[in-house]
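Quick note: the sequence shown uses full-length UniProt numbering, first residue 1, plus one each step.
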Amino acid sequence: MSGDPTPALAPHGLRCAHLAEPLGIGDPAPLLAWRLSSSRRGAAQARYRVRVWTVPARPAEGEEQVWDTGEVADPDAVSVRYAGAPLRPRTRYRWEVAVTGADGATAAAASWFETGMLGPAEWRASWITHDTGDLDVVDAPEEGELALADHGLQPAIRLRRAFRTAAAPVRARLYVTARGLYEMRLNGRRAGDAELAPGWTDYRDRVDYQVYDVTALVTAGENVLAGTLADGWWSGFVGFDPRRLGAHYGDFPELLAELHLDYADGAHEVVATGGDWLTRRSPVRYADLLKGECHDLRRETPGWDRPASGGTASSGTAFSGTGWLPAQVTGTDHGLLTAAVAPPVRAVEELPARAVTRTGADRHLVDFGQNFAGRVRLHARGLTPGARVVIRHAEALDDDGGLYTDNLRTADATDVLIAGDDPEAVFEPRFTYHGFRYAEVTGLAELDAADITGVVLHNDTPWAGEFACSDPDVERLYQAIRWGQRSNFVSVPTDCPQRDERLGWLADAQVFLPTACLNADVAAFFAGWLREVRGAQSPGGAFPNVAPRLAGVADEGAPGWGDAGVIVPWHLYRVYGDERFLADNLDAMRAWVDHVHRHNPDLVWRHRVGPHFADWLAPEPTPREVVATAYFARSAGLTARAAGVLGRRDAEERYGALARDVRAAFAEHFVTPDGRVAGDTQTGYLLALAFGLLPEGLVRPAAHRLAELVEAAGPGITTGFLGVGLLAPVLDECGRPDLAHALLRRTDPPSWLHPLRHGATTIWERWDGYTEERGFQAAAMNSFNHYALGSIGEWLYQGVAGLGQAPGSAGYRELLIRPRPGELDWARAAYESVRGTVRTAWARADGELRLEVAVPPGATAIVHVPAGDPGGVREGGVPVAEAAGVEVLGTEPGALRCRVSSGDYRFTAADPAAALRAAAPAAHIHRGAGPRFEEDT
Numbered sequence: 001m002s003g004d005p006t007p008a009l010a011p012h013g014l015r016c017a018h019l020a021e022p023l024g025i026g027d028p029a030p031l032l033a034w035r036l037s038s039s040r041r042g043a044a045q046a047r048y049r050v051r052v053w054t055v056p057a058r059p060a061e062g063e064e065q066v067w068d069t070g071e072v073a074d075p076d077a078v079s080v081r082y083a084g085a086p087l088r089p090r091t092r093y094r095w096e097v098a099v100t101g102a103d104g105a106t107a108a109a110a111s112w113f114e115t116g117m118l119g120p121a122e123w124r125a126s127w128i129t130h131d132t133g134d135l136d137v138v139d140a141p142e143e144g145e146l147a148l149a150d151h152g153l154q155p156a157i158r159l160r161r162a163f164r165t166a167a168a169p170v171r172a173r174l175y176v177t178a179r180g181l182y183e184m185r186l187n188g189r190r191a192g193d194a195e196l197a198p199g200w201t202d203y204r205d206r207v208d209y210q211v212y213d214v215t216a217l218v219t220a221g222e223n224v225l226a227g228t229l230a231d232g233w234w235s236g237f238v239g240f241d242p243r244r245l246g247a248h249y250g251d252f253p254e255l256l257a258e259l260h261l262d263y264a265d266g267a268h269e270v271v272a273t274g275g276d277w278l279t280r281r282s283p284v285r286y287a288d289l290l291k292g293e294c295h296d297l298r299r300e301t302p303g304w305d306r307p308a309s310g311g312t313a314s315s316g317t318a319f320s321g322t323g324w325l326p327a328q329v330t331g332t333d334h335g336l337l338t339a340a341v342a343p344p345v346r347a348v349e350e351l352p353a354r355a356v357t358r359t360g361a362d363r364h365l366v367d368f369g370q371n372f373a374g375r376v377r378l379h380a381r382g383l384t385p386g387a388r389v390v391i392r393h394a395e396a397l398d399d400d401g402g403l404y405t406d407n408l409r410t411a412d413a414t415d416v417l418i419a420g421d422d423p424e425a426v427f428e429p430r431f432t433y434h435g436f437r438y439a440e441v442t443g444l445a446e447l448d449a450a451d452i453t454g455v456v457l458h459n460d461t462p463w464a465g466e467f468a469c470s471d472p473d474v475e476r477l478y479q480a481i482r483w484g485q486r487s488n489f490v491s492v493p494t495d496c497p498q499r500d501e502r503l504g505w506l507a508d509a510q511v512f513l514p515t516a517c518l519n520a521d522v523a524a525f526f527a528g529w530l531r532e533v534r535g536a537q538s539p540g541g542a543f544p545n546v547a548p549r550l551a552g553v554a555d556e557g558a559p560g561w562g563d564a565g566v567i568v569p570w571h572l573y574r575v576y577g578d579e580r581f582l583a584d585n586l587d588a589m590r591a592w593v594d595h596v597h598r599h600n601p602d603l604v605w606r607h608r609v610g611p612h613f614a615d616w617l618a619p620e621p622t623p624r625e626v627v628a629t630a631y632f633a634r635s636a637g638l639t640a641r642a643a644g645v646l647g648r649r650d651a652e653e654r655y656g657a658l659a660r661d662v663r664a665a666f667a668e669h670f671v672t673p674d675g676r677v678a679g680d681t682q683t684g685y686l687l688a689l690a691f692g693l694l695p696e697g698l699v700r701p702a703a704h705r706l707a708e709l710v711e712a713a714g715p716g717i718t719t720g721f722l723g724v725g726l727l728a729p730v731l732d733e734c735g736r737p738d739l740a741h742a743l744l745r746r747t748d749p750p751s752w753l754h755p756l757r758h759g760a761t762t763i764w765e766r767w768d769g770y771t772e773e774r775g776f777q778a779a780a781m782n783s784f785n786h787y788a789l790g791s792i793g794e795w796l797y798q799g800v801a802g803l804g805q806a807p808g809s810a811g812y813r814e815l816l817i818r819p820r821p822g823e824l825d826w827a828r829a830a831y832e833s834v835r836g837t838v839r840t841a842w843a844r845a846d847g848e849l850r851l852e853v854a855v856p857p858g859a860t861a862i863v864h865v866p867a868g869d870p871g872g873v874r875e876g877g878v879p880v881a882e883a884a885g886v887e888v889l890g891t892e893p894g895a896l897r898c899r900v901s902s903g904d905y906r907f908t909a910a911d912p913a914a915a916l917r918a919a920a921p922a923a924h925i926h927r928g929a930g931p932r933f934e935e936d937t
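This is the structure:
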């Protein structure tokens, strides 16, 4: 190892299976990855070496090396698949990567991962639940005591198992899952911090389990492992089908858990769910994701989650077995159990109440200032026994200043606390969540802002990107996009967090994915969801519209929806450079394209189109066959490219030929000799240009017509879900970034800034969700927290700030830095790529434009420096042609192009603003040079 305390090259940010220090992986060959940093320009990895050791529970046993790659000469690799001795179940491994730079100096970093069960045969536990014959006694309801809407909801159940240990263990792991939702406790303390666990999967195909390190919670002597079990997605209300509102998978929740204890003397013990557990109904009278949660403190059972010796009768905390029944064993099947691959949902942030307004004698309206997904924590004071405190949630206020709940449809989004004997209580629901900005609290005479807090819930995907610019409105838009992502990445990528839907719509996910990847590291999150997409595919190859699939929601995928099964894996490969995204999905991708082809042999997609949503919610509809056939060509082309990456040459040739044929059919049926696309809509041209469907000679006239349509609309937007993400990138690529900027800063609907002018803090489902003239749009479908229209976020990073990836590159091996300043004064972006940190920052002042670029080690970048005088560009104070690490490639109108190696660069140039304003607007078209345009096979 080098003795240099600041080596020229150093690894950091180690990941296993796209996660930092994962506990309980199920992959027998996980990806081990690292990122690189350097203080020197031109630094690059020459060799790497990865070694892996077991970490025994008892340190005296010593570590055992199980894999050593040896010195591998590979300047591009920043990951490697484990290929050592077979991984053992329930075992911790330590791993180290050492990288050597071109200068011969070596630096290392270490991390760890731990395996889970690695197969059904490892499990011993039984599925258990409460005695289903022990029905709750229902009296005639008092007004407000048990609303009719609550009928059919059932109490959450508590379960416990006491056990004794002769000594404290040196290692303790809890492996747990549920058909439903669970929260586990050990000796009165919570195990882990996952919320809404185990998450939503299609339980008919797979049930995820989690692993928690509970070593610190187990003591010598008597212990109690306990948990609460609620309906969740398994047996609660899901979706909006009035024929099948709930119990999509089962009628009552079930728990399966194993606590593994390792002792210093070598002994191993397992405490597993079975008939020796005790259960009873909990104080949670009902808990439902859509309806809400009711907690009745009168039904509390003190000491239920602690040893009997852990409390005293005088303190009122001693456990009493009265009313507890033996658990029912419902099965011993383990074949569907899989280790969770995504980071769990967690409580990631707390929002203080921005304002509390009294609206009645015992009613208060709380504004958290932000639309989000989560729950509230309420410190209730002045309670009397049996008093009810009701919390209702909403995204917006109506014209009278009250909660606007019409758009929630059948989702009650109401939580209830029923007081016990204590005049104070803290209420925080555990088995529901809501999408809201406002909460109405009824039943308290007094409520201070300090007494109520918003708790934000979403999958804990690490933030990877940052963007800022000189326009406060655009910055607010960017924050709204991020909050839309946070609100809708709850177990699966949902459409909305508030109403009776919250489904994993495929089109929403695929159009927003490029933005999502720049905002956060979503590799593991989408790897988990893609299992649901594949699992929901029909035997004939049709992907669904939603995943997990749900009865009653148009099962066969529509164009642009089902195509997500192809588009999402390809984009994840492009961003993260992990070929497993393609290998795991290629067969499903091929089956989807074959399905479309089989039913449309003439290559125009007219048949088996599912519900054919087309360009959903577009102000100007595009012909459905245009949309469908464009996506047919796109999916065939991407399937060919995926096969090529994996070396599947026969498949590459077959689907490449099909893609060319479909493109030809598109041009024949939908494109006129002068470049007009059928329907003459913005989305029609966007699909044709972005997907490369036009003969070369018709690209320019089609681009010109697109610009005409945008200008004629205001400049304005007439696209829906499928077109919106393409709009700014394609206009930019066609030489009209001025129009992209004009649309970005438009304030009349349809526009991104219109909702912000009406108080939005997240992206709306509809462009006109609320207007001054018409008020709220149709309540039947009017979410104020969707992310699909927020797909403009990709262009904020790649266009405005200029931080992009070159065509043909994967894993950010080659960057494309091409900022589009428009009329802004400055912009900056940073992104933590799989190779390391990428940064861009530009600012203009006093007739000069400054551009700063950071390229991670091992990567290169094509940089387009905006310049009024390309010949006068300087880097680091010297003429650009003389700068170290810079290769001048040429000039283009308003910019100089150069290639740079890794390192930090500071370019200066004459501000091109005046020259750009004077230039003819029809300018050039850079085929294949932009952040979105890729050369299809």
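For every residue, glycine included, the Cβ atom is placed at its ideal position computed from N, Cα and C.
I'd like to confirm the pairing. Which residues does DSSP put opposite residue i in its beta bridges?
{"i": "Thr-215", "result": "Partner(s): none; Thr-215 has no beta bridge."}
{"i": "Gly-454", "result": "Leu-351 and Val-376"}
{"i": "Cys-898", "result": "Val-863 and Val-888"}
{"i": "Ser-37", "result": "Ala-10"}
{"i": "Leu-229", "result": "Ile-157 and Tyr-182"}
{"i": "Pro-326", "result": "Leu-278"}
{"i": "Val-855", "result": "Gly-903"}
Pull up the distance between the alpha-carbon of residue i and that of residue j, whole angstroms please.
{"i": "Glu-440", "j": "Ala-57", "result": "50 Å"}
{"i": "Leu-19", "j": "Pro-343", "result": "8 Å"}
{"i": "Ala-147", "j": "Thr-414", "result": "Its pLDDT being 46, under 50, Ala-147 is placed unreliably in this model, and the coordinates cannot settle the point."}
{"i": "Ala-659", "j": "Ala-712", "result": "33 Å"}
{"i": "Gly-808", "j": "Ala-287", "result": "49 Å"}
{"i": "Gln-479", "j": "Asp-421", "result": "44 Å"}
{"i": "Ala-897", "j": "Trp-570", "result": "What sits at residue 897 in the sequence shown is Arg, not Ala. Using only the alpha carbons, I get a separation of about 28 Å."}
{"i": "Phe-467", "j": "Asp-473", "result": "13 Å"}
{"i": "residue 938", "j": "Asp-74", "result": "Because the chain here runs from 1 to 937, residue 938 falls outside it and cannot be looked at."}
{"i": "Arg-574", "j": "Asp-367", "result": "41 Å"}
{"i": "Ser-791", "j": "Leu-336", "result": "35 Å"}
{"i": "Glu-122", "j": "Glu-258", "result": "11 Å"}
{"i": "Arg-363", "j": "Gly-443", "result": "6 Å"}
{"i": "Arg-15", "j": "Val-78", "result": "10 Å"}
{"i": "Gly-382", "j": "Leu-447", "result": "10 Å"}
Under a three-way DSSP split, which group does residue i fall into?
{"i": "Asp-139", "result": "Its pLDDT being 49, under 50, Asp-139 is placed unreliably in this model, and the coordinates cannot settle the point."}
{"i": "Val-568", "result": "helix"}
{"i": "residue 938", "result": "As displayed, the chain neither begins before 1 nor continues past 937, which places residue 938 out of reach and without an answer."}
{"i": "Tyr-770", "result": "strand"}
{"i": "Cys-496", "result": "coil"}
{"i": "Tyr-93", "result": "strand"}
{"i": "Thr-629", "result": "helix"}
{"i": "Phe-237", "result": "strand"}
{"i": "Trp-127", "result": "strand"}
Tell me whether residue i is buried or exposed, calling it buried when 16 or more other Cβ atoms sit within 10 Å of its Cβ.
{"i": "Ser-487", "result": "buried"}
{"i": "residue 942", "result": "Here the chain comprises residues numbered 1 to 937, so residue 942 is not present and cannot be evaluated."}
{"i": "Ala-591", "result": "buried"}
{"i": "Pro-497", "result": "buried"}
Got a sec: is the Cβ-Cβ distance from residue i to anything in chain D below 8 Å?
{"i": "Tyr-655", "result": "This model lacks chain D altogether, as it is built from one protein chain only."}
Check whether the stretch 904-912 touches the stretch 855-870, counting contact only when three or more Cβ pairs, one atom from each stretch, lie closer than 8 Å. Yes: the two stretches touch, three or more of their Cβ pairs being nearer than 8 Å.
Three-pair Cβ contact test at 8 Å for the stretch 415-422 versus the stretch 387-396: The stretch 415-422 vs the stretch 387-396: in contact.
Contact between the stretch 468-485 and the stretch 190-210: three or more CB pairs below 8 Å? In short, these stretches do not touch, since the Cβ pair count stays below three.
Is it true that the stretch 84-104 meets the stretch 32-48, where meeting means three or more beta-carbon pairs spaced less than 8 Å apart? Flag = yes, the stretch 84-104 and the stretch 32-48 touch.
Any chance the stretch 665-680 sits against the stretch 576-595, with 3 or more Cβ pairs inside 8 Å? No, they do not touch.
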